[in-house]
Amino acid sequence: MITFYLIIAALLFGIGVLGILVRRNVLVMLMCLELMLNAVNLTLVAFSRLHANLEGQIFVLFVMCVAAAEVVVGLAIIVNLFRNFYTVDVDIANGLKN
Amino acid sequence: MNIEFFDSILRVLPVLVVITLAIIQLLLGLSKEKSLKLPLLVLFVLFAVFFSFLGAGIPVKNGGAGLLFQADSLTWSLNFILLSAYFLSACLNNKQATDKSVVDSDVLMAFATSGAMLMVAAANLIVLFIGFEILSIAVYALSGVAKKEKASAEASLKYFILGCFASAFMLYGFALIYGATGNLDLAVIAKSDNTMLYLALGLIIFGFAFKIGLMPFHYWKPDVYQGAPITVVSFIAVVVQIAALAAFFKLLAISFIEFSAVWVPVIAGLAVLSMTVGNLLALRQDSLKRMLAYSSIAHAGYILMAFVALKNSAELLYSSITYYLLAYALMTIGAFAVLMLVTGAGAEQYKKDRLMTFDGLGWERPALGFAMTLFMLSLAGIPPLVGFVGKFYVFSEVIKTDLIWLVVAAAINSVISFCYYLRVVLVMYFKTEYGVKGKKRQTKDSLDNILATGYLKFVVTISAVCVIFFGVYAQGWTKLSELPNNLFSLKQSSKVKVDGANMSHSVELLH
Chain A
18 MITFYLIIAA LLFGIGVLGI LVRRNVLVML MCLELMLNAV NLTLVAFSRL HANLEGQIFV
78 LFVMCVAAAE VVVGLAIIVN LFRNFYTVDV DIANGLKN
Chain B
105 MNIEFFDSIL RVLPVLVVIT LAIIQLLLGL SKEKSLKLPL LVLFVLFAVF FSFLGAGIPV
165 KNGGAGLLFQ ADSLTWSLNF ILLSAYFLSA CLNNKQATDK SVVDSDVLMA FATSGAMLMV
225 AAANLIVLFI GFEILSIAVY ALSGVAKKEK ASAEASLKYF ILGCFASAFM LYGFALIYGA
285 TGNLDLAVIA KSDNTMLYLA LGLIIFGFAF KIGLMPFHYW KPDVYQGAPI TVVSFIAVVV
345 QIAALAAFFK LLAISFIEFS AVWVPVIAGL AVLSMTVGNL LALRQDSLKR MLAYSSIAHA
405 GYILMAFVAL KNSAELLYSS ITYYLLAYAL MTIGAFAVLM LVTGAGAEQY KKDRLMTFDG
465 LGWERPALGF AMTLFMLSLA GIPPLVGFVG KFYVFSEVIK TDLIWLVVAA AINSVISFCY
525 YLRVVLVMYF KTEYGVKGKK RQTKDSLDNI LATGYLKFVV TISAVCVIFF GVYAQGWTKL
585 SELPNNLFSL KQSSKVKVDG ANMSHSVELL H
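Protein chains in written order, with my numbering: chain A, 18 to 115; chain B, 105 to 615.
Dropping the structure here:
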């Protein structure tokens with residue numbers, strides 16, 4: 018029963034990883050990051066059910082807070098990027114070299 | 105109000121003090137009053153150091169917050185290093201008294217420091233993760249604090265994406281640990297054995313390797329160092345690296361000591377790769393910030409190398425690693441302070457961090473040239489400076505294991521690193537590569553603000569004195585890190601024992 022949730026979570030995590038590696042739009046990459054974090058949340062809740070203790074669910078609450086903070090800072094960084102480069106494409110915003 | 109309550113409070117108090125400082129700085133940023141900055145900083149950092157000293161010295165029961173936070177002599181020495189590094193970097197962050205971004209970065213630095221202190225004190229995976237994220241999120245914003253600079257915007261974006269990517273992997277590792285053990289306590293994890301833990305260990309190593317910037321996962325590091333404004337880059341270079349390395353070390357020492365057969369080869373490989381490639385790429389750099397980024401990758405490799413000795417020795421290894429971390433902090437902050445005095449903190453800083461800016465500096469400004477020489481020689485590891493003693497300690501720990509090839513590789517790497525550190529010294533005194541004879545430059549500081557220059561000179565002086573002092577008198581650091589235990593003379597009860605590692609140590613003592 019738990020295995021099913023774990024497989025779904027692993028798939029979601031994989032989709033998130035793939036999205037970050039493949040997509041070049043920063044906003045989509047941010048969404049993929051959220052997908053990865055939520056996959057972890059699903060894993061934690063499933064394990065919490067398995068072990069019949071609440072520590073995993075408490076962890077999930079903290080992860081959600083952190084994810085929210087991450088999105089806030091991430092969007093601010095993206096807005097700042099857009100003001101400087103007039104794009105949200107990571108390949109164009111790539112000027113730092115020796 | 106029982107004893108346990110105070111006990112719990114005392115463990116979190118250093119972190120709370122730093123958070124309070126951040127909030128006060130945030131409020132002060134609204135007003136025009138700027139003269140309070142330094143007194144506040146000194147006061148709160150002293151308080152935080154004092155409370156973490158007290159926390160390490162006073163015997164504590166393992167109830168209440170003791171399940172979440174450790175307070176032992178290792179935590180004390182790490183807190184001491186982090187707070188001193190924070191203090192020195194915050195002194196560097198002093199561009200112009202009217203600039204808003206200085207307030208922003210002050211606040212972000214204080215929050216990041218509180219996260220770093222949580223990380224190194226954590227005894228629970230939730231606390232570790234939250235500390236990690238408080239540190240990371242603050243630092244993502246910190247590297248983008250120069251909003252008008254393209255380089256800064258790009259650096260913060262790269263750091264953000266890669267950093268979040270890495271922490272998601274680490275978090276997945278934590279979730280798998282929870283799945284394997286049903287527990288989030290670091291010490292309890294060590295007692296279980298489950299194949300899922302191998303996968304978790306792999307994910308965690310991946311996450312930390314990204315965060316520390318070890319070799320295959322280092323791509324963000326040179327870009328962030330180059331792109332972030334020079335007022336904050338020393339903080340990013342020192343505090344993040346120290347906190348991540350220390351937390352990684354504690355996690356391996358406490359939770360995964362039984363798995364050492366699995367992770368020792370991986371860690372050794374990562375260490376050698378980081379040292380070699382970091383040093384080789386540093387040879388090619390013209391930008392000093394990029395060169396210091398690659399050098400910090402190499403130094404992370406040296407420190408990581410010491411982790412392989414974890415199974416053999418405990419207390420001695422702890423003091424070797426904390427000594428190296430202290431040495432790294434002093435040398436790097438000093439080098440960045442000199443760089444900032446030379447390049448200034450305005451828009452021109454991104455063009456002036458070239459090697460040729462240092463052309464003839466040793467003759468034009470002897471004191472500054474001398475200090476830079478000192479830091480470069482110490483980074484290269486020349487006796488009797490602090491960098492040499494740190495390397496000596498780490499190498500002698502690793503020699504005790506059977507991984508001699510690791511020490512040989514590290515020694516060869518030290519030799520390679522001489523080339524690029526000494527190149528800076530050569531450029532300063534002998535004008536070998538860039539010299540234009542007879543060309544006279546202005547010899548005043550590039551910073552337009554007299555006060556800021558004063559702060560910088562203060563940081564350079566302190567770092568230079570400490571680089572010599574702790575190099576000549578290396579026992580000073582051991583005494584300082586053991587001070588809480590010795591002072592309160594409650595050795596047997598006050599130490600929160602690290603399982604496994606300490607056991608093997610006491611076995612050694614018996615023989």
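Note that beta-carbon positions come from the ideal geometry of N, C-alpha and C, so glycine has one too.
In this text the structure is predicted, and so the values were computed from the model without any measurement.
Any beta carbon from chain A within less than 8 Å of residue i's own beta carbon?
| i | result |
| --- | --- |
| residue 330 of chain B | yes |
| residue 334 of chain B | no |
| residue 547 of chain B | No answer about residue 547 of chain B holds up, because its pLDDT of 48 lies below 50 and its placement is not dependable. |
| residue 230 of chain B | yes |
| residue 234 of chain B | yes |
| residue 327 of chain B | yes |
| residue 220 of chain B | no |
| residue 272 of chain B | yes |
| residue 119 of chain B | no |
So which of the options has the shortest CA-CA distance to residue i?
| i | options | result |
| --- | --- | --- |
| residue 28 of chain A | A:52, A:19, A:18, A:46 | A:52 |
| residue 226 of chain B | B:116, B:467, B:454, B:572 | B:116 |
| residue 173 of chain B | B:192, B:223, B:486 | B:223 |
| residue 463 of chain B | B:127, B:306, B:479, B:527 | B:527 |
| residue 72 of chain A | B:251, B:287, B:588 | B:287 |
| residue 310 of chain B | B:300, B:146, B:322 | B:322 |
| residue 425 of chain B | B:434, B:406, B:436 | B:406 |
| residue 89 of chain A | B:245, B:215, B:133, B:148 | B:245 |
| residue 314 of chain B | B:404, B:432, B:111 | B:404 |
| residue 328 of chain B | B:147, B:396, B:355 | B:396 |
| residue 480 of chain B | B:215, B:567, B:448, B:468 | B:567 |
From the DSSP output, in three-state form, read off residue i for me.
| i | result |
| --- | --- |
| residue 226 of chain B | strand |
| residue 289 of chain B | strand |
| residue 296 of chain B | coil |
| residue 197 of chain B | coil |
| residue 40 of chain A | coil |
| residue 327 of chain B | helix |
| residue 176 of chain B | coil |
| residue 106 of chain A | strand |
| residue 458 of chain B | strand |
| residue 32 of chain A | helix |
| residue 486 of chain B | coil |
| residue 438 of chain B | helix |
| residue 159 of chain B | helix |
| residue 583 of chain B | helix |
| residue 18 of chain A | coil |
| residue 111 of chain B | helix |
| residue 69 of chain A | coil |
| residue 477 of chain B | helix |
| residue 100 of chain A | helix |
| residue 505 of chain B | coil |
| residue 51 of chain A | helix |
| residue 469 of chain B | coil |
Please confirm if residue i has its CB atom under 8 Å from at least one CB of chain B.
| i | result |
| --- | --- |
| residue 48 of chain A | no |
| residue 42 of chain A | no |
| residue 9 of chain A | Because chain A here runs from 18 to 115, residue 9 of chain A falls outside it and cannot be looked at. |
| residue 21 of chain A | no |
| residue 53 of chain A | yes |
| residue 28 of chain A | no |
| residue 32 of chain A | no |
| residue 71 of chain A | no |
| residue 45 of chain A | no |
| residue 110 of chain A | yes |
What residues of chain D sit near residue i, judged by a beta carbon separation below 8 Å?
| i | result |
| --- | --- |
| residue 37 of chain A | The chain inventory of the structure shown lacks chain D, comprising the protein chains A and B. |
Should residue i be listed as close to the ligand ATP, given that the test is whether its C-beta is under 7 Å from any heavy atom?
| i | result |
| --- | --- |
| residue 261 of chain B | By its list of ligands, the structure shown contains no ligand whatsoever, and the ligand ATP lies outside what it can speak to. |
Interface positions of the stretch 275-294 of chain B facing chain A (Cβ-Cβ less than 8 Å), listed along the chain: Those would be 275, 276, 278, 279, 280, 282, 283, 286, 287, 288, in chain order.
Continuous alpha helix (DSSP H) assignments of at least 4 residues falling wholly in the stretch 204-284 of chain B: Assignment of alpha helix (DSSP H) within the stretch 204-284 of chain B, counting only whole runs of 4 or more residues, yields 204-225, 229-247 in chain order.
Short-range partners of chain A found in the stretch 236-263 of chain B, where Cβ spacing is below 7 Å: Under the 7 Å Cβ criterion, the stretch 236-263 of chain B contributes 237, 241, 244, 245, 248, 251, 254, 255, 257, 258, 259, 260, 261.
Residue ranges of each alpha helix (DSSP H) within the stretch 338-419 of chain B, 4 or longer: If you keep only unbroken alpha helix (DSSP H) runs of at least 4 residues inside the stretch 338-419 of chain B, you get 345-358, 364-387, 392-410.
Near-chain B residues of the stretch 84-107 of chain A - C-beta to any C-beta below 8 Å: Going along the stretch 84-107 of chain A in chain order, one finds 86, 87, 90, 91, 93, 94, 95, 97, 98, 100, 101, 102, 107 with a Cβ nearer than 8 Å to chain B.
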